[in-house]
């Protein structure tokens, strides 16, 4: 009996606990709110509502243990609700009713929220997104969302999405032009800006309007006070404080941008303005110069800019700052590729000129001997029809000395190699000019079109290191690339000190290796440390070039030549066949015995040709090759308009050559 009574008490208490009167915590005047009762028997129950406008009673009808009714408050304030289950049993609840939300409308002059008009410039503003707390406004295709308060006392905030906004959605969220959706409060702070630089013109225009309208000293930040790096490009560079510059730079690092990588020409959108502001007064603009050096040292025109700033600082008596710039300029050379496409092209054309000049000298020098050797076959021209094979043997340097033949072959081979290096470097620079790679980051870079190779897998592992360590480790193990950054990345992911030592053996000057080993770093060691970003395994622009050229030169032989603009594959194959035949002729001639009577012609024509070609009288002594290449390279520089450097190099080559030529003529 006692157990039965206890069970009845428990069931009764459970039913009582299950009974509840539910209302939202807050509501607004004029907007219906729902009153819900649960855990009651079927029937009608009176609900007494007491508030600032008096007491009223509504009735809830319950079925299946639940009942609900909508009620619209007429006045703001606190309301107490009491539902009568029995004369002595009630359920209670309380709700705070807020004043009516101010009306929101987008007008020609701006955004009206209640009685306040927020001025706005003319733009393609989207329909405002209205919530209980705020009004969200964005312009079509622009990387900005303004947040206006629903009360007159609140502050305006702003979010800066990394791409143009197509529409606003509940959440509140932004919908990008590619259809992706992202909550404003969850905007990823680890992704770079991915839209056009020109879209930031809207931020500049709005910032100017904002200041002129007295809305503030600059465009606002988000509710936490944070703003991404691209929002700073809307401001006058000269107005940025050191705190601003530090925040800008650390956000660059947090979003995957690296000082070791290069910014493309598109970055001139903001770097030119920053350079101009810093260059007006080298001393006052030193914080800007230092920020560019610390966080974006490889931007367009950076080397010339830093060198000019160092000279100006020296002139102003700021020798310490000038020394820092010069030291950093020296260290920057370790980030850049050893050979760029422009320089590779100069080397190639210099080798071509040197090769053609050498052939001309040797052809004229041994022309009489060749004519004597072909006299019984019909001479220089007739021998082609009477004995083409023998004539072919006499075509290329058959009468030259073995050292002269070897020199011609080596210059030809060097020109061929430089052609491939030039083509590969040109393709690399085109690849790194892609929008994702031209912003000093690999975070969002598409490497699918890069030539395959172990180095490429190492770069992909770096991309995945922060999001998928397991896949990154597998890629590095499969690649086993002999690159310092790859070994350092393995050490970072595994903690295996053997990988650290391998990285040191591969490249002892790689700064992250030296930092970990306590051997010193470089000008960017403190930058990474203060930003709290792990530098281990960061590839440099030089590493990217190595990876690309490695894959290009070891892969499809057509790929580099197609990079030179030879779109017709048939012509590329034809060029390769001709180059291969010419190279085989060189090898063949190296193996042929020199014909009898192959003496050097010392006639007037031969001597004049030798006078024309630097180094022609001293090929066998070694320095003749140096003079030949110096003269050819000087000629290339003159052709490119570098009159001073080209003229000096060419004059030096000819000065020594003419002296040697006259010495031989004595």
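Numbering (my numbering), first residue to last: 233 to 898. Glycine included, each C-beta is placed from N, C-alpha and C at the ideal position.
Rounded separation between residue 570 and residue 861 - CA only: 20 Å
Residues near residue 718 in its chain [Cβ-Cβ closer than 7 Å; skip 5 each side]: Annotation for residue 718: 690, 708, 711 place their beta carbon closer than 7 Å to its own, counting only its chain and skipping 5 residues before and after.
6 Å CB neighbourhood of residue 502 in its chain, flanking five on each side removed: Only 465 meet the Cβ criterion.
Simplified DSSP state of residue 238, which is helix, strand or coil: Confidence at residue 238 is low in this model, with a pLDDT of 44, below 50, so the placement of that residue is unreliable and no value is reported for it.
Neighbourhood of residue 241 by C-beta, 6 Å cutoff - its chain only, sequence neighbours within 5 removed: The pLDDT assigned to residue 241 is 40, lower than 50, so where the model puts this residue is not dependable; a value taken from the coordinates is nonetheless given after this. Nothing listed; no residue qualifies.
Inter-residue CB distance, residue 528 and residue 661 (contact presumed, cutoff 8 Å): Not a contact, Cβ separation roughly 18 Å.
Contact between the stretch 435 to 442 and the stretch 406 to 426 (3+ Cβ pairs under 8 Å): Judged by Cβ distances under 8 Å, the stretch 435 to 442 makes no contact with the stretch 406 to 426, as fewer than three pairs qualify.
Contact under 8 Å by Cβ, residue 520 with residue 469: yes
Sheet register partners of residue 278 (DSSP bridge): 291
Residue from 634, 677, 601, 407 with nearest C-alpha to residue 823: Closest by alpha carbon: 634.
Three-state secondary structure (DSSP) of residue 856: helix
Residue closest to residue 838, alpha-carbon to alpha-carbon, out of 893, 865, 815: 893
6 Å Cβ shell around residue 742 - same chain, five flanking residues per side excluded: Cβ within range, chain order: 716.
Bounding residues of the alpha helix (DSSP H) (the contiguous stretch that carries residue 534): 534 to 547
For residue 900: DSSP bridge partner residues: Nothing in the structure corresponds to residue 900, since the chain is present only between 233 and 898.
Three or more C-beta pairs below 8 Å linking the stretch 299 to 306 and the stretch 255 to 275: yes
Top-ranked residue by Cα proximity to residue 594, from 575, 641, 556, 646: 641
Where the beta strand (DSSP E) through residue 391 begins and ends: 389 to 391
Every unbroken alpha helix (DSSP H) inside the stretch 720 to 789 [4 residues or more]: 729 to 738, 743 to 749, 757 to 763, 773 to 785
Residue burial classification, residue 422 (beta-carbon count within 10 angstroms, cutoff 16): exposed
Exposed unless 16 or more other CB atoms sit within 10 angstroms - verdict on residue 751: Looking at its Cβ environment, which holds fewer than 16 other Cβ atoms inside 10 Å, residue 751 is exposed.
Rounded straight-line distance, which links the Cα of residue 877 to that of residue 895: 28 Å
Residue environment, residue 850, which counts as buried when at least 16 other CB atoms sit within 10 Å: buried
Neighbour-count burial assignment, residue 597, 16 or more Cβ in a 10 Å radius: buried
Sequence-distant residues of its chain with Cβ nearer than 7 Å to residue 509 (five each side left out): 469, 470, 517, 520
Residue from 566, 879, 578, 663 whose Cα sits closest to the Cα of residue 647: Nearest in C-alpha terms to residue 647, of all of 566, 879, 578, 663, is 578.
DSSP three-state assignment for residue 247, whether helix, strand or coil: Bear in mind that a pLDDT of 44 at residue 247, under 50, signals an unreliable position, so the model cannot answer this.
Chain-order list of residues whose beta-carbon lies under 7 Å from that of residue 236 (same chain, five-residue window excluded): Unreliable placement is indicated for residue 236, whose pLDDT of 46 sits below 50; no coordinate value is reported for it.
Local Cβ density within 10 Å of residue 295, reported as buried at 16 or more and exposed below that: With fewer than 16 other Cβ atoms within 10 Å, it is exposed.
Inter-residue Cα distance where the pair is residue 859 and residue 475: 55 Å
Start-to-end residues for the beta strand (DSSP E) that takes in residue 269: 265 to 270
Per-residue DSSP class, three states only, for residue 233: Residue placement at residue 233 cannot be trusted, given a pLDDT of 47 that sits under 50; the coordinates are not used to answer.
Residue closest to residue 539, alpha-carbon to alpha-carbon, out of 560, 548, 523: 560
Beta-carbon gap between residue 381 and residue 370 smaller than 8 Å: Taking 8 Å as the cut-off, the Cβ atoms of residue 381 and residue 370 do not count as close.
Straight-line gap, residue 506 to residue 512 (C-alpha atoms, nearest Å): 10 Å
Exposure label - residue 745; buried when at least 16 CB within 10 Å: Counting of Cβ neighbours within 10 angstroms places residue 745 among the buried residues, the total reaching 16 or more.
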